[in-house]
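Engineer: In the working numbering, the protein residues as written are 3 to 218.
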């Protein structure tokens with residue numbers, strides 16, 4: 003017997019201060035070996051449980067940092083919110099109606115996740131996206147096209163729609179007036195219609211944020 007060490011009942015050498023549980027203690031405590039979560043429980047609720055802030059079963063208190071990648075879901079949701087954006091504008095000067103429609107969402111890059119720490123849930127996302135749009139007149143004739151850029155759609159600038167930066171590039175096509183008519187009012191009307199589209203694009207981004215919060 004080495005000084006400071008002793009033999010346990012199963013023949014192991016351990017520290018002299020190590021205490022073995024009695025059979026009665028083991029009976030009272032039951033099995034305390036780590037248990038693997040069954041597959042059905044993990045599949046049905048990988049991040050949500052009765053834990054604080056929707057933490058996983060293993061992190062019921064929500065004190066341990068836990069993060070789930072939601073990039074694919076967020077990209078699909080953001081793209082749908084943007085592609086559904088449509089703006090109507092009626093010009094009192096020219097008595098013409100115009101509609102701006104998002105035709106395509108391109109160059110959507112970035113990532114997103116939901117994190118739980120300190121008992122609180124945090125929604126983290128950072129995207130860059132380009133939006134192709136067109137403006138049509140009352141006869142459904144395309145009179146102008148262009149691209150809007152959203153360089154920074156992230157967690158820190160989407161609490162207020164005015165904080166979201168939307169960059170307006172020069173016209174890709176047009177504006178052009180119908181044959182035999184002056185293009186002055188048409189250009190001014192297209193600019194007004196585009197300004198309204200920018201405002202509605204911001205609202206669409208906020209709609210994406212609301213859906214993100216509601217689904218996770």
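Every residue gets a Cβ at the ideal spot worked out from N, C-alpha and C, and that includes glycine.
Source: prediction; values computed, not measured.
May I ask you to report which of helix, strand or coil DSSP gives residue 218?
Structural biologist: Here residue 218 sits in coil by DSSP.
Engineer: In three-state terms, what does DSSP make of residue 93?
Structural biologist: Correct three-state label for residue 93: strand.
Engineer: Going by CA-CA distance only, name the one from 216, 73, 218 and 195 that's closest to residue 140.
Structural biologist: Per the Cα distances, 195.
Engineer: So, is residue 94 buried or exposed, given that buried needs 16 or more other C-beta atoms within 10 angstroms?
Structural biologist: Classification of residue 94: exposed, given that the 10 Å Cβ count is below 16.
Engineer: Among 145, 176, 127 and 203, which has the Cα closest to the Cα of residue 77?
Structural biologist: Among 145, 176, 127 and 203, the Cα nearest to that of residue 77 is on 127.
Engineer: From which residue to which residue does the beta strand (DSSP E) around residue 166 run?
Structural biologist: Per DSSP, residue 166 belongs to no beta strand (DSSP E) and is neither H nor E.
Engineer: Taking the C-alpha atoms as reference points, what is the distance between residue 131 and residue 88?
Structural biologist: The alpha-carbon atoms of residue 131 and residue 88 are separated by roughly 17 Å.
Engineer: Taking the alpha-carbon positions, what's the residue 159 to residue 129 distance?
Structural biologist: Whole-angstrom Cα-Cα distance: 11 Å.
Engineer: Would you mind working out which of 71, 149 and 190 sits nearest residue 114, comparing C-alpha positions?
Structural biologist: Of the candidates 71, 149 and 190, the one whose C-alpha sits nearest the C-alpha of residue 114 is 71.
Engineer: Who are residue 71's beta bridge partners in DSSP?
Structural biologist: Looking at the DSSP assignment, residue 71 forms a beta bridge with 115.
Engineer: Apart from the five residues on each side of it in sequence, which residues of its chain come closer than 8 Å, Cβ to Cβ, to residue 203?
Structural biologist: If we look at residue 203 and ignore the five residues flanking it on each side, its Cβ neighbours are 84, 87, 104, 133, 150, 152 and 168.
Engineer: Hey, would you say the C-beta of residue 150 is under 8 Å away from at least one heavy atom of the ligand ATP?
Structural biologist: Although the ligand ATP was asked about, the structure shown includes no ligands whatsoever.
Engineer: Hey, residue 198 and residue 102 are a contact pair by Cβ (cut 8 Å); roughly how many whole angstroms apart?
Structural biologist: With 8 Å as the limit, residue 198 and residue 102 qualify as a contact, their Cβ atoms being about 7 Å apart.
Engineer: Between residue 156 and residue 80, what straight-line distance do the alpha-carbon atoms span, to the nearest angstrom?
Structural biologist: When rounded, the distance between both Cα atoms is 12 Å.
Engineer: First and last residue of the beta strand (DSSP E) that includes residue 148?
Structural biologist: Per DSSP, residue 148 belongs to the beta strand (DSSP E) from 144-156.
Engineer: For residue 128, write down the residues that DSSP places opposite it in a beta bridge.
Structural biologist: In DSSP, residue 128 forms a bridge with 113 and 156.
Engineer: Taking the alpha-carbon of residue 121 as reference, which of 190, 109, 68 and 177 has the nearest alpha-carbon?
Structural biologist: Measuring from the Cα of residue 121, the nearest candidate turns out to be 68.
Engineer: Based on the DSSP output, what are the partners of residue 100 in its beta bridges?
Structural biologist: Its beta-bridge partners are 91 and 139.
Engineer: By Cβ distance below 6 Å, which residues in the same chain neighbour residue 192 in space, the five residues on each side in sequence not counted?
Structural biologist: So the qualifying residues of the chain are 137, 146 and 177.
Engineer: In or out: residue 217 buried (at least 16 other Cβ within 10 Å) or exposed?
Structural biologist: Exposed: under 16 other Cβ atoms inside 10 Å.
Engineer: Among residues of its own chain, excluding the 5 on either side of residue 213, which ones have a beta-carbon nearer than 8 Å to its beta-carbon?
Structural biologist: Once the five neighbours on either side are set aside, the close Cβ partners of residue 213 are 79 and 83.
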